[in-house]
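Heads up, the sequence shown stops at 110 in full-length UniProt numbering, and the numbers go up one at a time, no gaps.
The C-beta atom is built at its ideal place from N, Cα and C for all residues, glycine as well.
Small disclaimer: the values here were computed from a predicted structure and weren't measured.
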Amino acid sequence: MGRSRGGLTTKIDALVDANGLPILLKLTEGQAHDGRSAADMLDDIGEGQILLADRAYDSDGLRRTLTERRAWANVKPMPNRKNIPPFSQFLYRYRNLVAGHPAATPRLGT
């Protein structure tokens, strides 16, 4: 448990497969930075795989690591980035996929 302005908080980081099934879960302190605390969760991402993640994971280091493994980071870029990396809004919609949940399928045009 971590302490923040709101009190004691905990985050659950999840790495899931293409079907939304969990591969790895990790508990972190609420005030811990997502990108740094979950970096060790990404060790199993390899050739041909895509990481779908939000802005908290937008770092040049993470992108370099995945490129070296011949994987791709489809991470929403931070708005203050000068050199915006390739990003697919279409794929990004699938980042919150939860297996078996009817609302998990993104709708086109949203």
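Using the beta-carbon count (16 or more within 10 Å), is residue i buried or exposed?
i   : result
D40 : exposed
Between which residues of its own chain and residue i is the CB-CB distance below 8 Å, once the five residues before and five after are set aside?
i   : result
E47 : R69, R70 and A71
Do you know offhand how far residue i's Cα is from residue j's?
i           : j   : result
I45         : L8  : 32 Å
residue 120 : A38 : Because residue 120 is not part of the residues shown, which for the chain are 1 to 110, the question remains open.
M78         : D58 : 7 Å
Could you give the DSSP three-state label for residue i: helix, strand or coil?
i   : result
L66 : helix
N74 : strand
L21 : coil
A38 : coil
A56 : helix
Residue i and residue j look like a contact to me (Cβ under 8 Å); what is the Cβ gap, rounded to whole Å?
i   : j   : result
R93 : K76 : Actually they do not touch by this definition, with Cβ atoms about 11 Å apart.
Leaving out five residues on either side along the sequence, give the residues of the same chain with a beta carbon under 7 Å from the beta carbon of residue i.
i   : result
R63 : A73 and P85
Can you find the residues in the same chain that come closer than 6 Å, C-beta to C-beta, to residue i, ignoring five residues on each side of it along the sequence?
i   : result
A53 : V75
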